[in-house]
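Visitor: Here it is: the structure, laid out below.
Numbering (our numbering), first residue to last: 41 to 1055.
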């Protein structure tokens, strides 16, 4: 290799420079997002069949659609929630499924059964991915503009402007009011003229038409003939002729009041306590979040001259702030880690030139890594950036090991000038050890390719990033570092390194003394060390709490709420105004927005439920857990009749994307719905007493009461009416009917035929609603029908075609694993009704699946590393010694998690797996120093340890210090990698003495001559 490197200096330098430039350009072009792109295998089907009872909705709509969706290839589960007139079906596929094709197949399956569903049934099929949540939320507020004008400004001017921004998928406008013309008929006048409200609707509809009657060719020109009889405004409506005859011309204005009003509203939106219009801006999957938000703000600033002066545009949510903060945090972690690594290098080698080489290689390696990310269609996100931060120590390590070896050879030549070989020749000796050590780490990530679920989606991005960085750093360490060292290193550097080696030589002497004592009884020492570490690790494992995703402070939270069943929009709004006062008086709150009858992430919602999004101040505030706990306690104490739950956005988003929104979910299944409804309160009461379990929801969401009108068929027949005719008249009298639209500029305004509110504002007034018989006589509704109040019906949830009631809860101040163990024990002691089956879902089910998958990854990584060592050294004793060392190093991770109070979650599990590769890398360096073909005696084992003492200590210290900023949780974006960093640091703290002490003792006990050598 030395001959090739010396002959290709220009090529290597140019390639290195091109990689640096290309990597820098790639980093500037790479998209920026919060999460890696993950194809969540879930499709949601939303059904709307008008207002109808829940049981009819299930039988007539939900069940046929469920059965159709079950026939779609690849479906693994269907879960439905049916309410009055609406339903939402969650269709789950296997991870890795082609979700574009799956969405189309689901839509096709629903289309196939639409003809069998009740007339007017509408549906929407949407694929669930992180872009269903807005990347930016804007609120429009005004002190003087009415809600109609405010909504028109947002919908007709601002939304089109922002929709043209590159990367914007949609701009959803929520809130405000819509204008409509209401024709409020007077039943008495209609009766006097012998007309019905249906006649009125037909007349208006027939007077508001535009039809193409054909084409006409005249004098070489072709004309389209239009019969345009559209209504153009409220005056046209009033002048519409309703009847002619002996009474003269009767216009609509003579028998009805025509007014401009707002459409009936069952939703409300506010921002900072004021009625508002919200614009939710959603991005395309491949968009750059930061660039998108920046361009949106630029467009809004340019549009300021056309924005009404009384309209304020404020931001209530900005995902790019979290992305930017996370990127800045990880960037700072990389710089700080690199600085600490440079200090370690200088302390051990006392060479500024070596520090300069590492300082040059590190940024170029990370820049070149972005080229790989770009080629694979990836983005800068919390996982790829975290992977770069976690890889800093390993990236530097390759160069450091090479430079340390070169320095060692230069020191030998300095002591003995007759020793042959230069820098490039010395670099050749490290080819196989460096390749082996890099493979030991990269192989750990190989099993992740087969990992599914949320864990696989997140950590594949991290694994790809780290693998790419390690391979690139290996190439630079093999070809660039020796070349630079050969050109830059001077005799003075070697002399300085000689002076710094005195302390290390004394430490090496003590190491030799210790090892000579230990190697007198290697089997006993290895057994004692192994047993002690396994016992300590096992004890710590039983004390470590477990979770799913790492907890992080996102700077904002979702507050979901619902009032008592049947609570009106006005009363719900009154209760929520009190919640808004609490938020305004909480000093940590920066801003908030509120949706009533709507939800930020979609889903079924009634007028008595919705959510807040609360954004906290960026600086000078308490941790988010303290803020949410205070808000929850104050709402529960001062706003009776309102049930709330809180969650951070990432937790809420991942929960919605995976259809498991709560940490705890006790699923009650069985054929008898009454038994499930009986069991739910028992479970709620029992688990509500468990420490740390909060916000327990029984899963029985009740809709409001209903007024049931039952027609007396014989009495109706005597009046010449049938139930269908009565229903048609009631529909127009109570709910009104939009019979058409009038175009006014860019918008269409509906025309609704209705009655005065005084005829339908009380239950008792409905009995007096005037109906018209075919012969023209009028009669009150009570003559042919009876009215009764039916209690509210609960939403009906089904999973895989069987009834389900899901009791859910959140946690506060307690880990998921221990809480679920207590929940399981508590539920098992309950005397639930016969036929009720209990299963556990929620994030706990995802956690258990992820832990099982990661356990397989851990074992696979251990086997692959063992296989690599067998290839490198062709010796079972070496393999056994290293595998035992790796297991003990991994067991120490639990001690580190316990001492630092860190939960065992998927991030910590990933760190546990990475410990295998990193400690194995140290093992490669140690075993490569042993003589090949001989049974290693104590002298050889000790000599290998002393020779590799400096590089092993340097590698471990650099990795530990590079990970320290992440382990300390410095910055917003580091929380996701904090458990991973703690796990790796703990594994390294145990791994260094294990490699230098335990491995030689066990190898001495087991060893046979090594047939190979990784050198």
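For each residue, glycine too, the CB sits at the ideal point set by N, CA and C.
(1) Out of curiosity, what's the CA-to-CA distance linking residue 64 and residue 402?
(2) In the DSSP output, what is residue 819 paired with across the bridge?
(3) How would you write the range of the beta strand (DSSP E) that residue 842 sits in, first residue to last?
(4) Return the Cβ separation of residue 655 and residue 587 in integer angstroms, given the expectation that the two are a contact with Cβ distance under 8 Å.
(5) Going by DSSP, which residues form a beta bridge with residue 777?
(6) Taking the straight line between their C-alpha atoms, what separation do you get for residue 711 and residue 702?
(7) Quick one: residues in its chain with C-beta nearer than 6 Å to the C-beta of residue 1030, no 5 flanking neighbours on either side, listed in chain order?
(8) Taking Cβ positions, are residue 426 and residue 70 nearer each other than 8 Å?
(9) I need the boundaries of the beta strand (DSSP E) containing residue 177, first residue and last residue.
(10) Just checking, does the region 768-776 make contact with the region 801-815 on the three C-beta pairs under 8 Å criterion?
(11) Decide yes or no for the touch test of the region 231-250 against the region 277-285: beta carbon pairs closer than 8 Å, at least 3 of them.
(12) Grab me the residues of residue 661's own chain with a C-beta within less than 6 Å of its C-beta, minus the 5 sequence neighbours each way, in chain order.
(13) When the distance is taken between beta carbons, is residue 92 closer than 8 Å to residue 114?
(14) Mind checking who residue 834 pairs with in its DSSP beta bridge?
(15) Does DSSP classify residue 21 as helix, strand or coil?
(16) Go to residue 911, then tell me how far its alpha helix (DSSP H) extends in each direction, as first and last residue.
(17) Figure out for me which residue from 335, 309 and 121 has the closest Cα to the Cα of residue 202.
(18) Going along the chain, which unbroken runs of the beta strand (DSSP E) with 3 or more residues stay wholly within the region 185-264?
(19) Tell me the DSSP bridge mates of residue 275?
(20) Let me know if residue 219 comes out buried or exposed under the rule of 16 or more other beta-carbons within 10 Å of its beta-carbon.
(21) Ignore the nearest five residues each way along the sequence and tell me which others in residue 681's own chain have a CB closer than 7 Å to its CB.
(22) Quick one: any contact between the region 495-502 and the region 943-962, if contact means 3 or more CB pairs under 8 Å?
(23) Provide the residue span of the beta strand (DSSP E) that contains residue 737, from first to last.
(24) Taking its Cβ as the centre, do 16 or more other Cβ atoms sit within 10 Å of residue 1051, making it buried, or is it exposed?
(25) Can you give the beta carbon distance from residue 667 to residue 622, rounded, assuming they're within the 8 Å contact cut?
(26) Tell me, please, whether the region 290-297 touches the region 312-324 by the rule of three or more beta-carbon pairs shorter than 8 Å.
(27) For residue 164, count the other beta carbons within 10 Å of its own beta carbon; 16 or more makes it buried, fewer makes it exposed. Which is it?
(28) With 8 Å set as the bound, which would you pick, yes or no: does the beta-carbon of residue 724 sit closer than that to a beta-carbon of chain D?
(29) Hey, could you find the ends of the beta strand (DSSP E) residue 876 is sitting in?
(30) Have a look at 778, 424, 690 and 876 and flag the residue whose alpha-carbon is nearest the alpha-carbon of residue 714.
(31) With DSSP as the reference, label residue 301 as helix, strand or coil.
(32) Just verifying my parser: in three-state terms, what is the DSSP assignment at residue 1025?
(33) Would DSSP call residue 310 helix, strand or coil?
(34) According to DSSP, is residue 386 helix, strand or coil?
(35) Quick one: Cα of residue 911 to Cα of residue 330, how far?
(36) Quick check: residue 191 and residue 207, are their CB atoms within less than 8 Å of each other?
Guide: Inspection of the coordinates gives the following:
(1) Spanning the two alpha carbons is a distance of roughly 13 Å.
(2) According to DSSP, residue 819 bridges with 811.
(3) Per DSSP, the unbroken beta strand (DSSP E) holding residue 842 starts and ends at 842-851.
(4) Contact flag wrong, Cβ pair sits at about 25 Å.
(5) Bridge pairing for residue 777: 793 [DSSP].
(6) The C-alpha of residue 702 is placed about 24 Å away from the C-alpha of residue 711.
(7) So the qualifying residues of the chain are 929 and 932.
(8) With contacts defined by Cβ atoms closer than 8 Å, residue 426 and residue 70 do not form a contacting pair.
(9) That run of the beta strand (DSSP E) goes 176-182.
(10) Yes, they touch.
(11) Segments in contact, yes.
(12) Contacts found: 628.
(13) Residue 114 is not a Cβ neighbour of residue 92, given a cutoff of 8 Å.
(14) Answer by DSSP bridge pairing, in chain order: 742.
(15) With the chain represented from 41 up to 1055, any question about residue 21 goes unanswered, as that position is not in the structure.
(16) Its alpha helix (DSSP H) spans residues 882-913.
(17) Checked all of 335, 309 and 121; the closest Cα to residue 202 is 335.
(18) Those beta strand (DSSP E) runs which fall completely within the region 185-264 and span 3+ residues are 208-215, 219-225 and 249-258.
(19) For residue 275, no pairing in a beta bridge is given by DSSP.
(20) Buried, by the Cβ-count rule.
(21) Excluding the 5 residues flanking it on each side, residue 681 has same chain C-beta neighbours closer than 7 Å at 603, 604 and 615, in chain order.
(22) Yes, they touch.
(23) In the DSSP assignment, residue 737 falls within the beta strand (DSSP E) that extends over 733-737.
(24) With a pLDDT of 49 at residue 1051, under the threshold of 50, the modelled position of this residue cannot be trusted; read the value that follows with caution. Exposed.
(25) Actually they do not touch by this definition, with Cβ atoms about 11 Å apart.
(26) Taking a cut-off of 8 Å on C-beta distances, the region 290-297 does not touch the region 312-324, as fewer than three cross pairs fall below it.
(27) Around the C-beta of residue 164, fewer than 16 other C-beta atoms lie within 10 Å, and the residue is accordingly described as exposed.
(28) Absent from the structure: chain D. Only one protein chain is present.
(29) Note, residue 876: premise wrong, no beta strand (DSSP E); not H, not E.
(30) Measuring from the Cα of residue 714, the nearest candidate turns out to be 876.
(31) In the structure shown, residue 301 sits in a strand (DSSP, three-state: E or B).
(32) Annotated three-state conformation of residue 1025 is helix, per DSSP.
(33) In the structure shown, residue 310 sits in a strand (DSSP, three-state: E or B).
(34) Reduced to three states, the DSSP call for residue 386 is helix.
(35) Here the alpha carbon of residue 911 sits roughly 47 Å from the alpha carbon of residue 330.
(36) No.
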